[in-house]
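>
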Amino acid sequence: ILSSSAHSHDEYQKTADWLMSQTKHRPQVAIICGSGLGMLADTLKCQDSFAYSDIPGFPQSTVQGHAGRLVFGELKGKTCVCMQGRSNFPSVHQTTFPIRVFKLLGVETLIVTNAAGSLADGFQPGDIMIIKDHINFPGLVGLNPLCGLNDDKFGPRFPAMSGCYDKGLRCLAAEIAKELGVAGFLQEGVYAMVGGPNFETIAEARLLHRLGVDAVGMSTAPEVVVAAHCGLRVFGLSLITNKVVKSYEDTESVNHEGVLEVGRLRSHSVQQLVTELVGRMEINNNDNINKSV
Ligand SMILES: O=P(O)(O)O[C@@H]1C[C@H](O)[C@@H](CO)O1
Ligand code: HPA
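Quick note: UniProt numbering has the sequence shown finishing at residue 293, numbered continuously throughout.
Here it is, written out as structure tokens:
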């Protein structure tokens, strides 16, 4: 993360141009599939898919449980691009590189999903949390993808982040969850990104709990910051895969395999929820390719 350096506008444009030369799809919605949630990409119709390693300039997936493919296709009548796997730990600039490429492709809405541990007392493993807001701990201490020279073509130097998780989409998702019969394990709350890769100590977990964090993970906030900066509408879901250990009496401990296992158990519901949301969300005409940037 510390060795990050910003990309030039041309680098994003080159990758976007390459993708537009390889696929006829012009996506309106981009979906980042977190750990164990990558199957959504397999359900896209009329797919064109690309290994990250074949896409000029694209960061590689480094997290176990993440496939490392960019998949274009149709979902419920909307053109989507899915990241099947994210790269959590190279640098914040590399991690967020795809977001600006999506903007240049004409995407207007970003959906992010992740696996997270819960701090909130009422949350259980298997719950799905609509992200209401986030605390970007790495960002607060300067590990922020917007650090460095600002690219005014994407957005302002000092962007607002209040309201960066779209309220309309959050309400729509809650309605859909009721209809799908999954409202019983739907939550809404604050996601905190920590730097990882180690899971929290008990003292850290207690601190996060006292700060009002409902769920903690090691991703998502940088992508959302870059998306909000360039004017994308954002919706986020955390799949709660474990309770974060907050007591010295507790003998359980978290591990990544357990995170992936719960991810797999609930992935179908997350997939259904995202699919319906994409189907029902309103999209402005897909005519913003290269307009505001
Ligand atoms: O991409 P996500 O955030 O789902 O990746 C998972 C959750 C944590 O960030 C990390 C450790 O389990 O992997
Ligand atoms: O407990 C956790 N802590 C941090 N990241 C996570 N990702 C899944 N579970 C966790």
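Ideal Cβ positions, reconstructed from N, Cα and C, are used throughout, including at glycine.
Kindly indicate which three-state DSSP category Leu-277 falls into: helix, strand or coil?
Three-state result, Leu-277: helix.
> Where does Gly-168 fall in DSSP's three states?
Three-state DSSP puts Gly-168 in a helix.
> Is the beta carbon of Asn-255 within less than 7 Å of some heavy atom of ligand 2?
Checking every heavy atom of ligand 2 against the Cβ of Asn-255, none is found closer than 7 Å.
> Is the beta carbon of Phe-199 within less than 7 Å of some heavy atom of ligand 2?
Indeed, a heavy atom of ligand 2 lies less than 7 Å from the Cβ.
> Less than 7 Å separating the Cβ of Arg-264 from some heavy atom of ligand 4?
Ligands present in the displayed structure are limited to ligand 1 and ligand 2, and ligand 4 is not among them.
> Rounded to the nearest angstrom, how far is the Cβ of Val-224 from that of Val-234, given a contact under 8 Å?
Confirmed, Cβ separation roughly 5 Å.
> Any heavy atom of ligand 2 closer than 7 Å to the Cβ of Met-20?
Incorrect: Met-20 has no Cβ contact closer than 7 Å to ligand 2.
> Would you list the residues sitting across from Lys-45 in a DSSP beta bridge?
Paired residue(s): Glu-74.
> What does the alpha-carbon distance come out to for the pair Gly-263 and Ser-118?
Roughly 14 Å between the two C-alpha positions.
> Report all residues from its chain with a CB closer than 8 Å to the CB of Ile-283; omit the five preceding and five following residues, and keep chain order.
Correct list, in chain order: Gln-28, Val-29, Lys-78, Glu-108, Thr-109.
> Just verifying my parser: in three-state terms, what is the DSSP assignment at Cys-251?
It is worth fixing the name first, because residue 251 is Thr in this sequence and not Cys. Three-state DSSP puts Thr-251 in coil, outside helix and strand.
> Are there any heavy atoms of ligand 1 lying less than 7 Å away from the beta-carbon of Ala-115, as far as the coordinates show?
Checking every heavy atom of ligand 1 against the Cβ of Ala-115, one is found closer than 7 Å.
> First and last residue of the beta strand (DSSP E) that includes Tyr-191?
Element bounds for Tyr-191: 186–193.
> Please confirm whether Thr-15 and Val-101 have their CB atoms less than 8 Å apart.
Closer than 8 Å, so yes.
> Can you have a look at Ser-4 and say buried or exposed, based on whether 16 or more other CB atoms are within 10 angstroms of its CB?
Because the pLDDT at Ser-4 is just 46, under 50, the model does not fix this residue reliably, and the point stays unresolved.
> Within 10 angstroms of the Cβ of Leu-2, are there 16 or more other Cβ atoms? Answer buried if so, exposed if not.
Residue placement at Leu-2 is flagged as unreliable, the pLDDT there being 38, under the threshold of 50; the coordinate-derived value follows with that caveat. Exposed: under 16 other Cβ atoms inside 10 Å.
> Taking 7 Å as the cut-off, is the beta-carbon of Val-259 closer than that to any non-hydrogen atom of ligand 1?
Yes, Cβ of Val-259 sits closer than 7 Å to a heavy atom of ligand 1.
> Mind checking whether the beta-carbon of Ser-218 lies closer than 7 Å to any heavy atom of ligand 2?
First, the residue type needs correcting, since residue 218 is Met and not Ser in the sequence shown. Met-218 Cβ: within cutoff of ligand 2.
> Just the Cα atoms here: how many angstroms apart are Thr-96 and Leu-180?
Looking at the two C-alpha atoms, the distance is approximately 32 Å.
> Report yes or no: do three or more beta-carbon pairs, one from the segment 168–187 and one from the segment 49–60, lie closer than 8 Å?
Judged by Cβ distances under 8 Å, the segment 168–187 makes no contact with the segment 49–60, as fewer than three pairs qualify.
> Is the closest heavy atom of ligand 1 to the C-beta of Arg-86 under 7 Å?
Answer for Arg-86: yes, Cβ within range of ligand 1.
> Which runs of the alpha helix (DSSP H) fall wholly inside the segment 67–146 and span at least 4 residues, in chain order?
Whole alpha helix (DSSP H) segments, 4+ residues: 92–105, 137–140.
> Please state the DSSP three-state secondary structure of Lys-243.
Three-state result, Lys-243: strand.
> If you run the structure through DSSP and keep just helix, strand and coil, what is Val-213?
In this structure, Val-213 counts as coil in the three-state DSSP scheme.
> Taking Cβ to Cβ, would you say Arg-69 is nearer than 8 Å to Ala-41?
The answer is yes: Cβ separation under 8 Å.
> What is the residue span of the beta strand (DSSP E) that Ala-30 lies within?
Element bounds for Ala-30: 29–33.
> For a test of your reading of the model: does the CB of Val-244 fall under 7 Å from any non-hydrogen atom of ligand 2? Yes or no.
Checking every heavy atom of ligand 2 against the Cβ of Val-244, one is found closer than 7 Å.
> In whole angstroms, what separates the C-alpha of Lys-291 from that of Tyr-165?
Here the model assigns Lys-291 a pLDDT of 46, short of 50, so the residue's position is not dependable, and the following value carries that caveat. If I take the Cα positions, the gap works out to 23 Å.
> Any heavy atom of ligand 2 closer than 7 Å to the Cβ of Val-194?
Yes.
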